[in-house]
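Mapped onto our numbering, the consecutive letters of the sequence shown carry residue numbers 61 to 212.
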Amino acid sequence: MIKFHKLYKKQFLPIDINLAWEFFSSPLNLSKITPNYMDFRITSNLPDQMYEGMIITYTVKPFAGLPVNWVTEISHIRKPYFFIDTQLSGPYKLWHHQHIFKEVENGIEMEDIVHYKLPFGIFGNIANSLFVKKQLEGIFNYRKKILSEIFK
């Protein structure tokens with residue numbers, strides 16, 4: 061049986077959907093909402109606007125300061141309502157991240173839905189239980205805090 065893990069986060073922001081799209085569809089803003097200890101760096105050249113099929117390369121230090129190369133593809137876009145990034149190579153066996161924006165009264169509701177699978181079979185599942193899930197929760201909780209400060 062294939063074991064996928066899921067992370068789900070929802071946040072209200074008091075901004076309109078076009079501003080949300082402008083901010084979240086720019087990979088350059090990822091470093092603003094990623095904890096400093098991750099030392100997140102984009103290593104590819106980026107165009108002015110995101111597009112389907114766009115490849116983005118990063119380095120990140122998720123464990124003990126060791127750098128990991130990460131390559132993602134923007135696989136689906138429906139401006140300004142959602143986009144999906146999927147990992148092509150990196151620390152996960154599978155990474156599928158849906159970014160969903162919905163207009164609500166006085167702002168937007170933003171949802172992050174991440175399905176992921178770790179390498180190493182049962183050992184990956186144990187690692188998820190011991191620290192990966194907690195680390196991902198921490199990263200997304202940090203994002204929530206920073207976004208609340210940016211978009212007061």
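Even for Gly, the Cβ is constructed at its ideal location relative to N, Cα and C.
If I'm right that isoleucine 168 touches leucine 73 with Cβ under 8 Å, what's the distance once you round it to whole angstroms?
About 5 Å separates the two Cβ atoms, so the contact holds.
Under the three-state reduction of DSSP, which class applies to methionine 170: helix, strand or coil?
Strand, per DSSP.
Assign threonine 103 to buried or exposed, taking buried as 16 or more other Cβ atoms, counted over all protein chains shown, within 10 Å of its Cβ.
Exposed: under 16 other Cβ atoms inside 10 Å.
Closest by CA to arginine 138, which one among Leu196, Asn201, Glu209, Phe84?
When only C-alpha atoms are compared, the closest one is Phe84.
Less than 8 Å between the C-beta atoms of threonine 119 and threonine 132, yes or no?
No.
Going straight from the alpha carbon of phenylalanine 123 to that of lysine 162, what length do you get?
If you take the alpha carbons of phenylalanine 123 and lysine 162, they lie about 34 Å apart.
Who does glutamate 133 pair with in a DSSP beta bridge?
According to DSSP, glutamate 133 bridges with Ile115, Thr146.
Please determine, among Leu148, Asn129, Ser149, His157, the residue with the shortest C-alpha to C-alpha distance to phenylalanine 276.
Residue 276 is absent from the model: the chain starts at 61 and stops at 212.
Given that a residue counts as buried once 16 or more other Cβ atoms are within 10 Å of its Cβ, and exposed if not, what is isoleucine 75?
With 16 or more other Cβ atoms within 10 Å, it is buried.
Helix, strand or coil for glutamine 71, going by three-state DSSP, please let me know.
Glutamine 71: strand per DSSP, three-state reduction.
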